[in-house]
Amino acid sequence: MVVERIDLVARARRPSLSALTGVRFFAAMHVVLFHYLRWYLLGAPWLVSNVIHAGYVGVSLFFVLSGFILTYTYLDIDGGPALDRRSFWVARLARIYPLYLLSLLLALPFAIHPQGLHSLLTAAGAAGLQLLPTVIMIQAWSPTTAELINSPAWSLSVEAFFYLMFPFLAISLVRLPARRLVLAVVVLWAASLAGPTIYAILNPDRAGLGFPEPGQAGIWIQALKYSPLLRLPEFLLGVVTATIYLRIRGTRTVRGAVLSAISLLGIVAVLAASSVLPFPYLHNGLLAPLFASLILGLALGGGAIARFLGTRTLVLLGEASYGIYLLQTPLWNLAGHYGKRFTGVDPYLGHQPLFFLVYLPVLIGGSVFALYWVEKPARRWIKQLLLARTRSAVASRLRMSAPASNR
């Protein structure tokens, strides 16, 4: 297999979809607002309050978008992979793990001793084997470990499972005939809602279907939220959406501007009603088809929404969105700790909205810094280190397969 040559051809014919990079920033910020500002919006207009209280749906958008981008980047329209499995997995490891590991190191002291910073070695020793699932990205498989150390990192554990399965499942989906793609969308959406439906029928936690207050979520609703298997349909819906895009791009079958505008209005309408919608459904894929249609519309381009999301500033912030999402809790704890230490004001006692205005530029600035000084250098280094043998083998095969006249 001529891995590098195929990869170069695939990338050459796949231009960057800037609007999809920009939308990542808003997805990440939606989650951040949900985590740190929602309890201080009791007097806010109902639309603002409901939209922010449903910020957890940003993770579902990330899952669908991940399936779309990976398919767009790595698979040919006929299902031929642009990278072999090893190269793909190394590329994904290089993309997500360096900052993931940094976020754990920053979060660990507060996870072990929330009232102050102890030495990392002391904290790690106290944590013992509890650290292991999070370090190797399998914490989401158990609701008791899903949020250990850096709670938002559970979704990266889910993504790691998606990456593992992508080379096997995605190729089958992109080979579906056109008439079955719409059916696949319906089936995957139904699959994403199967877990919430079973939960609603059985009611294993003996609780309602509303938003569970912090510390009151039952073990079964946590398993439903975090399970990589139950979240897989959202990712695969992104794979199917990318397949549809690759087949209709360049045609006038669908107008991107119209589709993205209608999808966005639909998303806002559902979020506006979030206070009366059952939480398990909204958390686990209810919006996935609308997210998929929004992504498809933005990829097709055209219209004010795509142009806005594709601006240089939003593309930069979108590239930094991984850091915004992953560093939100460590930087919140660090800012709160040192803010109280140097000002004497506890940001958690009635001052959180004002503190948030200080925290937000720290988070965004720190994420941009991490993008250029952690993510990109570490990504290059890991790929150079782990793919050196692959490149050498490919070069050797190319030399062996070249005609004698070209040697």
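Going from the sequence shown to the numbering used here is simple: count from 1 and add 128.
For each residue, glycine too, the CB sits at the ideal point set by N, CA and C.
What you are looking at is a predicted structure, and each value in this text was computed from that prediction instead of being measured.
Residues of its chain near G384, where Cβ-Cβ distance is below 8 Å and the 5 sequence neighbours each way are ignored
One-based indexing of the sequence shown puts residue 384 at position 256. Within the same chain, G384 has close Cβ partners L424, G425, L426, A427, L428, G429, G430, G431 and A434.
Proximity to F196 [Cα-Cα], best of L236, V187, I240 and A298
In the sequence shown, counting from the first residue as 1, residue 196 sits at position 68. That would be A298, whose Cα lies nearest to the Cα of F196.
Limits of the alpha helix (DSSP H) - the one that T149 falls within
The residue you call residue 149 lines up with position 21 of the sequence shown. Where T149 is concerned, the enclosing alpha helix (DSSP H) stretches over S146 to Y164.
For R591, I'd like the list of residues in its chain whose CB is within less than 7 Å of its CB, leaving aside the five on either flank, ordered along the chain.
Here the chain has residues from 129 to 535 only, and residue 591 is not among them.
For the candidate residues T371, P417 and L405, whose alpha-carbon lies nearest to that of G388?
The residue labelled residue 388 in the question sits at position 260 within the sequence shown. The identity of residue 388 in the sequence shown is Ser, whereas the question assumes Gly. Nearest option by C-alpha distance: P417.
Need the endpoints of the alpha helix (DSSP H) that E362 sits in, please.
By one-based count along the sequence shown, residue 362 stands at place 234. Start and end: P356 to I376.
Can you check which of these residues, L499, K468 and A498, is closest to V486 by C-alpha distance?
One-based indexing of the sequence shown puts residue 486 at position 358. Of the listed residues, the one whose Cα sits closest to V486 is K468.
Is L203 helix, strand or coil by DSSP?
As a working note, residue 203 is residue 75 in the sequence shown. In this structure, L203 counts as strand in the three-state DSSP scheme.
State the Cα-Cα distance for the pair V502 and A222, rounded to the nearest angstrom.
Residue 502 sits at position 374 when you count from the first residue of the sequence shown. Residue 222 sits at position 94 when you count from the first residue of the sequence shown. Using only the alpha carbons, I get a separation of about 11 Å.
Using 8 Å for Cβ pairs, my map puts L184 next to A274. What's the rounded Cβ distance?
Here the question's residue 184 lines up with position 56 in the sequence shown. Here the question's residue 274 lines up with position 146 in the sequence shown. The identity of residue 184 in the sequence shown is Tyr, whereas the question assumes Leu. Approximately 14 Å separates the beta-carbon atoms of Y184 and A274; this is outside 8 Å, ruling out the contact.
Buried or exposed: P505, going by 16 or more other Cβ atoms within 10 Å of its Cβ?
Numbered from 1 along the sequence shown, position 377 holds the residue referred to as residue 505. That one is exposed.
Please list, in chain order, all residues of the same chain as D333 whose beta carbon is under 6 Å from its beta carbon, the five residues on each side excluded.
As a first step, residue 333 is located in the sequence shown; it is residue number 205 there, counting from the start. Excluding sequence neighbours, D333 sits near G346, W348 and I349.
In three-state DSSP terms, what is R334?
Sequence index remark: in the sequence shown, residue 334 carries index 206 (1-based). If DSSP states are grouped into helix, strand and coil, R334 belongs with coil.
Please state whether the Cβ-Cβ distance between S421 and A182 is less than 8 Å.
Position 293 of the sequence shown holds residue 421. Position 54 of the sequence shown holds residue 182. No, the Cβ-Cβ distance between S421 and A182 is not below 8 Å.
Of all the options Q267, L360 and E447, which has the alpha carbon lying nearest to the alpha carbon of S188?
Locating residue 188 in the sequence shown gives position 60, where the first residue counts as 1. Checking every option, the nearest Cα to that of S188 belongs to L360.
Between the Cα of G366 and those of V179, Y164, R166 and F190, spot the shortest distance and give me the residue it belongs to.
To locate residue 366, count along the sequence shown from 1; it is residue 238. Selected option, being the one with the closest Cα: F190.
Cβ neighbours of A516 in the same chain (closer than 7 Å, five flanking residues each side left out)
Counting from 1 along the sequence shown, the entry for residue 516 is found at position 388. If we look at A516 and ignore the five residues flanking it on each side, it has no Cβ neighbours.
Would you identify the three-state DSSP class for Y168, choosing helix, strand or coil?
By 1-based counting over the sequence shown, the position of residue 168 is 40. Helix at Y168.
Pick helix, strand or coil for S270, following the three-state DSSP scheme.
Along the sequence shown, one-based indexing puts residue 270 at 142. Here S270 carries a coil assignment [DSSP, helix/strand/coil].
Quick one: is Y453 buried, meaning 16 or more other Cβ sit within 10 Å of its Cβ, or exposed?
Within the sequence shown, residue 453 is the residue found at index 325, counting from 1. Using a 10 angstroms sphere on the CB of Y453, the tally of other CB atoms reaches 16 or more, which defines it as buried.
Evaluate Y500 with the Cβ neighbour count: other Cβ atoms within 10 Å of its Cβ, from every protein chain shown; 16 or more gives buried, anything less gives exposed.
Along the sequence shown, read from residue 1 onward, the residue named residue 500 stands at position 372. Looking at its Cβ environment, which holds fewer than 16 other Cβ atoms inside 10 Å, Y500 is exposed.
For the structure I just gave you, are there three or more beta carbon pairs, one from the stretch 166-178 and one from the stretch 456-465, closer than 8 Å?
Segments in contact, no.
DSSP-derived helix/strand/coil call for Q344
Taking the sequence shown and counting its residues from 1, one reaches residue 344 at position 216. Coil at Q344, not helix or strand.
With contact counted as at least three CB pairs below 8 Å, one residue from each stretch, are the stretch 259-278 and the stretch 227-239 in contact?
A contact between stretches requires three or more CB pairs, one per stretch, nearer than 8 Å, and the stretch 259-278 meets this requirement with the stretch 227-239.
For G235, report the span of its alpha helix (DSSP H) as first-last.
Residue 235 sits at position 107 when you count from the first residue of the sequence shown. A small fix is needed here, since residue 235 is Ala in this sequence, not Gly. In this chain, the alpha helix (DSSP H) harbouring A235 covers R213 to I240.
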